[in-house]
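K.L.:
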Amino acid sequence: MDSFLKLFKPLTPEEQVKKWKQSIRSQERELDKQLRGIDTAEAKVRRDIKAAAKRNDAGACRLLAKEIVRSRKAKDRLHTSKAQLNSLTMQLQQQLAVAKIAGALKQSTDVMKLVNNLIKMPEIHNTMQEMGKEMMKAGIISEMMDDAIDTLDEEGIEEEADKEVDAILFSLTDGLLGQAGPVGAPLEKAKVSQPAEAEEEDDMEQRLAALRAE
């Protein structure tokens with residue numbers, strides 16, 4: 444009977460905050476897992492870009508470079524979400540301190556802003572939406588945003604992809620290309636002192652010139 448009644452007994456402020464903090468820690472672990480996955484995938488894409496550059500495949504280089512840029516944007520968003528989750532944990536801890544004096548959790552605009560921001564993140568949308576509903580019932584927030592989910596901003600992808608290709612080519616040639624400029628720009632011929640080095644670098648320049656001209 445007691446166990447049955449506990450199912451319908453409201454959680455104390457301490458129990459409710461503890462539950463939310465556990466959920467937040469779970470979401471942080473999930474974001475860390477996703478970050479590691481992105482890092483692994485990005486390393487593979489970088490290797491693929493180098494391979495495409497060596498075979499003068501300009502189209503593949505650009506497509507793969509865009510994936511690098513998108514993964515970088517995704518990581519930035521995940522790191523922002525982690526920081527906001529950490530801020531939410533601290534806000535809940537402050538709320539609990541107040542509740543021990545006042546006897547109940549108080550409404551907080553700071554918590555509401557954080558929850559509404561986190562709900563937009565597709566990686567944790569469902570969990571944060573459920574947590575937001577619980578917080579509304581508990582009186583800690585007054586409203587939630589709609590179900591709009593942020594997507595990756597594609598603005599600047601092309602320009603950043605060009606820069607990424609430049610960086611890869613710079614690495615491939617041990618700095619031979621210097622500031623090579625946008626994809627398609629002509630390359631300056633590097634000056635070398637040794638005949639053997641000149642022949643090797645000429646060959647590299649010809650390959651990369653062909654790549655960037657496509």
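So the sequence shown is numbered by the numbering used here: it starts at 444 and just counts up by one.
Glycine residues also receive a C-beta, built at the ideal position from the N, C-alpha and C atoms.
Could you check what DSSP says for Leu548 in three-state terms: helix, strand or coil?
P.N.:
Your numbering for residue 548 matches position 105 in the sequence shown. Coil.
K.L.:
Classify Ser524 as buried or exposed, calling it buried when 16 or more other Cβ atoms lie within 10 Å of its own Cβ.
P.N.:
If you number the sequence shown from 1, residue 524 lands on position 81. Result: buried.
K.L.:
Please classify Gly672: does DSSP put it in a helix, a strand, or coil?
P.N.:
Residue numbering for the chain in the displayed model covers 444 to 657; residue 672 lies beyond these limits and cannot be assessed.
K.L.:
Write down every uninterrupted run of the alpha helix (DSSP H) in the segment 469 to 545 whose length is 4 residues or greater and which is fully enclosed by it, in chain order.
P.N.:
501 to 545, all fully within the segment 469 to 545.
K.L.:
Reducing DSSP to helix, strand and coil, say where Thr570 ends up.
P.N.:
Counted from its first residue, the sequence shown places residue 570 at position 127. If DSSP states are grouped into helix, strand and coil, Thr570 belongs with the helices.
K.L.:
In three-state DSSP terms, what is Pro565?
P.N.:
As a working note, residue 565 is residue 122 in the sequence shown. Coil, per DSSP.
K.L.:
Does the beta carbon of Ala581 fall short of 8 Å from some heavy atom of the ligand GTP?
P.N.:
For the ligand GTP, the structure offers nothing, since it holds no ligand at all.
K.L.:
Are the beta-carbon atoms of Leu506 and Glu471 separated by less than 9 Å?
P.N.:
Here residue 506 refers to the residue found at position 63 when the sequence shown is read from its first residue. Here residue 471 refers to the residue found at position 28 when the sequence shown is read from its first residue. No. Outside cutoff.
K.L.:
Compute the Euclidean distance between the alpha carbons of Thr570 and Lys461, then round it to the nearest angstrom.
P.N.:
Within the sequence shown, the letter at position 127 stands for residue 570. Within the sequence shown, the letter at position 18 stands for residue 461. Looking at the two C-alpha atoms, the distance is approximately 15 Å.
K.L.:
Do you know whose CA, among Gly582, Met587, Val541, Lys580, lies nearest Leu557's CA?
P.N.:
In the sequence shown, residue 557 corresponds to position 114, counting from 1. Of Gly582, Met587, Val541, Lys580, the residue nearest in Cα terms is Met587.
K.L.:
Cβ of Thr532 within 9 Å of Cβ of Ile467?
P.N.:
In the sequence shown, residue 532 corresponds to position 89, counting from 1. In the sequence shown, residue 467 corresponds to position 24, counting from 1. A contact, by the Cβ cut-off of 9 Å.
K.L.:
Does the beta-carbon of Gly575 have 16 or more other beta-carbons within 10 angstroms, so that it is buried, or is it exposed?
P.N.:
For this step, residue 575 is matched to residue 132 along the sequence shown. Result: buried.
K.L.:
Out of Glu458, Asp482, Met555, which one is the CA nearest neighbour of Ala517?
P.N.:
Along the sequence shown, one-based indexing puts residue 517 at 74. For the residues Glu458, Asp482, Met555, the minimum Cα distance to Ala517 belongs to Asp482.
K.L.:
Have a look at Asn559, Leu535, Leu561 and flag the residue whose alpha-carbon is nearest the alpha-carbon of Lys549.
P.N.:
Taking the first residue of the sequence shown as 1, we reach residue 549 at position 106. Cα-wise, what sits closest to Lys549 is Leu535.
K.L.:
Going straight from the alpha carbon of Ala501 to that of Ser530, what length do you get?
P.N.:
The sequence position of residue 501 within the sequence shown is 58, counting from 1. The sequence position of residue 530 within the sequence shown is 87, counting from 1. Looking at the two C-alpha atoms, the distance is approximately 44 Å.
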